[in-house]
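Have a look at the structure below before the remarks.
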Amino acid sequence: AEEEPVQSGDSSRASVILPARGGEVTIHGVSKSYGQLKVLSDVTLTVPAGSVTTIIGQSGSGKSTLLRSINHLERVDDGFIAIDGELIGYRQNGETLYELKEKDILKRRVEVGMVFQSFNLFPHLTVLENIVEAPVTVRGIPGDRAKAEARELLVRVGLSDKADAYPRQLSGGQQQRVAIARALALKPKVLLFDEPTSALDPELVGEVLDVIKELARSGTTLLIVTHEIGFAREVSDLVVFMEQGRILETGTPEKVLGRPEHPRTAEFLAKVL
Ligand code: ADP
Ligand code: MG
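Just so we're aligned: the sequence shown equals residues 323 to 595 in full-length UniProt numbering.
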């Protein structure tokens, strides 16, 4: 049987379990094009610290581009994205008003963890090595401490017996839970999930969603792109519907998923539900 996830009330584990404080995400007037294709159009959204926001919308609507922009993997053409009020850059009408240097952007990227559809674990490293790699090399955390914290994270995602396994020896659901532990090891202020269960066999989806639900209760700011509408309804403070690079509707799950105002939201939900 798998171990119970650690409760966030257990203060003996607070160093690992509690998220970094803060984690408010401000997205203001963000636009982004690839050549002639406008992928994000004037996107504005505030994600309060400690809240859970899910982003829904058809394939190609710009959801992944928005997440990558929050993680500073994409440079936006217009507008700004700030974490706890701190900007990476700010452009207006194509003019750069403010921009951090590349090495400072790299430092700030650590504040935002990302979990992808395709786990992306290092195949030649064990589970434990996958988790400690970034804390040791990026954060400069001593190896022994990083390993102790990694073992606590493995308890939290229900994989304490898999520390020495290699990714190929794990199911997709287990690999994705390792990827979540690896993202948490950097103690991000914000955690982004890009369709975290889309590559999984249906019977493995639930175990990954359960880990994300536990994170949602622990107060980490989460932004989740998902097609799992039932999960979105259960876990979200805010649901965002995107189409063609625009936010068409934002609100509580009861409103956006239950009583959508925009006809396009209703059409989308009729297709995926
Ligand atoms: P979603 O995640 O909602 O499916 P994406 O953000 O991945 O949408 O993509 C939005 C649009 O941008 C799509 O039309 C996609 O083909 C295009 N796109 C994404 N990344 C690139 C890129 N690096 N170069 C060119 N076009 C891209
Ligand atoms: Mg996508």
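Where is the CB? At the ideal position from N, CA and C, for every residue including glycine. The model shown is predicted, which means the values in this text are computed figures rather than measured ones.
Open item on the list: Out of Val449, Asn415, Arg390, which one is the CA nearest neighbour of residue 279?
Closed with: Lying outside 323 to 595, the shown extent of the chain, residue 279 is not represented and no answer is given.
- [ ] Say whether the region 372-385 touches the region 431-444, bearing in mind that this needs 3 or more beta-carbon pairs closer than 8 Å, one atom from each stretch.
- [x] Counting C-beta pairs closer than 8 Å gives fewer than three between the region 372-385 and the region 431-444, which falls short of the contact rule.
- [ ] Drop a sphere of 10 angstroms on the beta-carbon of glutamate 576, count the other beta-carbons inside from all chains shown, and report buried for 16 or more, exposed for fewer.
- [x] By the 16-neighbour rule on beta-carbons within 10 angstroms, glutamate 576 is exposed.
Task: Under 8 Å between C-beta atoms of valine 378 and alanine 554 - done: As written in the sequence, residue 378 is isoleucine, which differs from the valine given in the question. In contact: isoleucine 378 and alanine 554 (Cβ atoms closer than 8 Å).
TODO: Kindly indicate which three-state DSSP category glutamate 421 falls into: helix, strand or coil?
DONE: In this structure, glutamate 421 counts as strand in the three-state DSSP scheme.
Task: glutamine 414 - containing beta strand (DSSP E), residue span - done: Its beta strand (DSSP E) spans residues 408-414.
Open item on the list: Does the beta-carbon of glycine 401, which I'm using as the reference point, lie nearer than 7 Å to any heavy atom of the ligand ADP?
Closed with: No; taking the cut-off as 7 Å, the Cβ of glycine 401 has no heavy atom of the ligand ADP nearer than that.
Open item on the list: I'd like to check one pair, valine 512 with leucine 545: are the Cβ atoms closer than 8 Å?
Closed with: In this structure, the beta-carbon distance from leucine 545 to valine 512 falls below 8 Å.
Open item on the list: Starting from leucine 514, trace the beta strand (DSSP E) in both directions and tell me its first and last residue.
Closed with: Counting along the chain, leucine 514 sits inside the beta strand (DSSP E) bounded by residues 512-516.
Task: Beta-carbon contacts of histidine 584 that lie in its chain and below 6 Å, excluding the five residues immediately before and after - done: Correct list, in chain order: Leu570, Glu571.
TODO: Classify glutamate 451 as helix, strand or coil using the three-state DSSP reduction.
DONE: Correct three-state label for glutamate 451: helix.
Task: Closer than 7 Å: leucine 367 CB and nearest the ligand ADP heavy atom - done: No - the ligand ADP has no heavy atom lying nearer than 7 Å to the Cβ of leucine 367.
- [ ] Report buried or exposed for residue 596, applying the criterion of at least 16 other Cβ atoms within 10 angstroms of its Cβ.
- [x] Any question about residue 596 goes unanswered here, given that the chain covers just 323 to 595.
Task: Environment of alanine 472 [buried if 16+ CB atoms lie within 10 Å] - done: With 16 or more Cβ atoms within 10 Å of its Cβ, alanine 472 is classed as buried.
TODO: To the nearest angstrom, report how far apart threonine 587 and leucine 595 are at their CA atoms.
DONE: One C-alpha to the other measures close to 12 Å.
Task: Per-residue DSSP class, three states only, for phenylalanine 563 - done: Three-state DSSP puts phenylalanine 563 in a strand.
Open item on the list: Taking its Cβ as the centre, do 16 or more other Cβ atoms sit within 10 Å of glycine 435, making it buried, or is it exposed?
Closed with: By the 10 Å Cβ count, glycine 435 comes out buried.
Open item on the list: DSSP three-state label for phenylalanine 553, please.
Closed with: Looking at phenylalanine 553 - three-state DSSP - the assignment turns out to be helix.
Task: Residue burial classification, leucine 419 (beta-carbon count within 10 angstroms, cutoff 16) - done: Taking a 10 Å sphere around the C-beta of leucine 419, we find fewer than 16 other C-beta atoms and assign the residue as exposed.
TODO: Using beta-carbon positions only, say whether phenylalanine 494 and alanine 521 come within less than 8 Å of one another.
DONE: According to the sequence provided, residue 494 is glycine. The question's phenylalanine does not apply to it. Between glycine 494 and alanine 521, the gap from beta carbon to beta carbon is short of 8 Å.
TODO: Output yes if chain D places a C-beta closer than 8 Å to the C-beta of phenylalanine 438; else output no.
DONE: In summary, chain D is missing from the structure at hand, where a single protein chain is found.
Open item on the list: Give me the DSSP bridge partner(s) of tyrosine 356.
Closed with: Tyrosine 356 is bridged to Leu359.
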